[in-house]
Amino acid sequence: MNKNNSAADTAKKILWLILAAVLLAAGVNWIHPKRIAWVEDWGSRVEVNVVREGIALVQLPEMIEFLRDNSRLLVDARPANEYARGHIPGAVSVPFEVVAMDGVIPIELLRAGPGQVFYCSGPECDDGLLLAIAVRETGRDDVAVFIGGMELWGSELLAFEEGAE
Amino acid sequence: MRKKKPVIDFKKAINMEYPTEYYIALMLGMFFLIVAFNKLMHPHTFSTAVFHEHLVPYPLVNITALLLMSLELVAAFAVVFMAKYRRAGLWILTAVCLIYTGCAGANLLRGLNTVCGCFGSSARAAAISHWTLVRNLIPVLAGLFALR
Numbered sequence: 001m002n003k004n005n006s007a008a009d010t011a012k013k014i015l016w017l018i019l020a021a022v023l024l025a026a027g028v029n030w031i032h033p034k035r036i037a038w039v040e041d042w043g044s045r046v047e048v049n050v051v052r053e054g055i056a057l058v059q060l061p062e063m064i065e066f067l068r069d070n071s072r073l074l075v076d077a078r079p080a081n082e083y084a085r086g087h088i089p090g091a092v093s094v095p096f097e098v099v100a101m102d103g104v105i106p107i108e109l110l111r112a113g114p115g116q117v118f119y120c121s122g123p124e125c126d127d128g129l130l131l132a133i134a135v136r137e138t139g140r141d142d143v144a145v146f147i148g149g150m151e152l153w154g155s156e157l158l159a160f161e162e163g164a165e
Numbered sequence: 001m002r003k004k005k006p007v008i009d010f011k012k013a014i015n016m017e018y019p020t021e022y023y024i025a026l027m028l029g030m031f032f033l034i035v036a037f038n039k040l041m042h043p044h045t046f047s048t049a050v051f052h053e054h055l056v057p058y059p060l061v062n063i064t065a066l067l068l069m070s071l072e073l074v075a076a077f078a079v080v081f082m083a084k085y086r087r088a089g090l091w092i093l094t095a096v097c098l099i100y101t102g103c104a105g106a107n108l109l110r111g112l113n114t115v116c117g118c119f120g121s122s123a124r125a126a127a128i129s130h131w132t133l134v135r136n137l138i139p140v141l142a143g144l145f146a147l148r
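Listed in order, the protein sequences are those of chains A and B.
Going by my numbering, the residue at position 39 of the first sequence is 39; the numbering climbs one at a time, nothing skipped.
Going by my numbering, the residue at position 13 of the second sequence is 13; the numbering climbs one at a time, nothing skipped.
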């Protein structure tokens with residue numbers, strides 16, 4: 001590279017490039033057909049609460065891995081009719097609405113065994129997280145949440161099972 | 001009449017005094033041109049990737065994403081096409097890669113199992129690991145080598 005460039009000159013050029021980038025960002029986001037809001041309410045997303053609660057997040061490749069090696073208990077927290085319409089293969093149905101109403105957590109979630117991964121319909125739904133919190137309160141700390149849920153699972157055209165348990 | 005200097009001087013852009021550094025800088029610049037252009041085409045995908053890092057205050061996620069992708073594009077353009085601004089562009093690209101590496105490292109340390117959307121994202125992308133740090137350090141080292 002040209003080593004005669006002085007540090008001050010480079011710093012000045014860096015500032016010019018940063019200024020150009022700011023103008024580009026403003027210009028592109030102004031005319032872009034898929035423009036985004038400058039400020040968006042990311043803080044209200046369910047994923048934020050998962051992180052705040054200190055519950056582990058599970059990504060899609062890990063879910064596929066868990067399905068292959070059967071190393072986790074997959075728990076569908078959606079209502080039973082949604083579960084019957086289609087769910088991740090091998091997942092058990094524990095609707096959060098029933099747990100919240102009865103105040104009783106099914107025994108299968110309290111037994112010693114593999115770690116549990118909770119999911120519901122998608123990133124906007126918090127049934128999976130709330131059920132994970134409820135199970136964690138019983139003393140289990142190996143709970144995780146698959147935040148993408150059925151929405152992400154379906155968008156990737158992955159196999160699913162139909163029917164009630 | 002005085003001849004106007006072209007903004008993009010292709011003759012001056014090719015630096016044969018330091019060919020290795022030049023080609024590394026060129027590769028880095030071209031890589032980021034493609035990556036940044038793709039990010040600008042799908043701004044919400046990149047802002048989601050920034051959100052998944054959980055390191056930027058939530059109201060500033062979109063602004064940060066827009067500035068980062070524009071900065072990458074401008075700096076990459078300078079590295080590839082503007083000889084006079086190549087060094088400045090390289091500093092910016094190296095710093096951006098260092099920021100990405102720092103973010104991945106911070107999330108690895110706090111045990112947050114998230115995806116690094118630094119160079120584009122996919123639903124099937126694996127969560128961050130030590131390999132992500134190594135991968136992110138490659139362009140940092142390349143940038144530092146070209147800058148030496």
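Positions of the beta carbon are idealized from the N, C-alpha and C atoms, including for glycine.
From a predicted model like this one, the values you see are computed outputs, not experimental measurements.
Beta bridge pairing from DSSP links S93(A) with D76(A).
Below the 9 Å Cβ cutoff, chain A contributes K13, I14 and L17 as neighbours of G89(B), in chain order. For Y119(A), there is no enclosing alpha helix (DSSP H); the enclosing beta strand (DSSP E) has its first and last residue at Q116 to Y119.
Per DSSP, V143(A) lies in no alpha helix (DSSP H); the unbroken beta strand (DSSP E) holding it starts and ends at V143 to V145.
When T20(B), T45(B) and L26(B) are compared, the shortest CA-CA separation from F77(B) is found for L26(B). Counting of Cβ neighbours within 10 angstroms places M150(A) among the buried residues, the total reaching 16 or more. Taking 8 Å as the threshold, the shortest C-beta distance from L129(A) to chain B does not fall below it. Nearest CB-CB separation between T114(B) and chain A: below the 8 Å threshold.
Look at H87(A) here: in three-state DSSP terms it is strand. In terms of CA proximity to D142(A), P114(A) leads the group G163(A), E161(A), P114(A) and W153(A). The Cβ of R140(A) sits no closer than 8 Å to any Cβ of chain B.
Look at P139(B): its C-beta is not under 8 Å from any C-beta on chain A. Ranked by Cα distance from S70(B), the first of H52(B), P57(B) and F32(B) is F32(B).
Contacts between N62(B) and chain A, judged by CB atoms closer than 7 Å, involve I36, A37, W38, V39 and E40 in chain order.
For L24(A), the neighbours in chain B by C-beta distance under 7 Å run, in chain order, S70, L73 and V74. Taking CB atoms only, P59(B) has a neighbour in chain A less than 8 Å away. If you draw a 10 Å sphere on the C-beta of S129(B), you find fewer than 16 other C-beta atoms in it, and that means exposed. Leaving aside the five residues that flank P95(A) on each side, the residues in its chain whose CB is nearer than 6 Å to its CB run, in chain order, P79 and A80. Per the coordinates, the alpha-carbon of V117(A) lies some 19 Å from the alpha-carbon of E162(A). By the neighbour-count criterion, in which 16 or more other beta carbons inside 10 Å mark a residue as buried, T20(B) falls on the exposed side.
Rounded to the nearest angstrom, the Cβ distance from V79(B) to L93(B) is 7 Å, consistent with a contact under 8 Å.
For P59(B), the number of other beta carbons within 10 angstroms of its own is below 16, and it is reported as exposed.
Within 8 Å of the CB of G43(A), the CB atoms of chain B belong to Y58 and P59, in sequence order along the chain.
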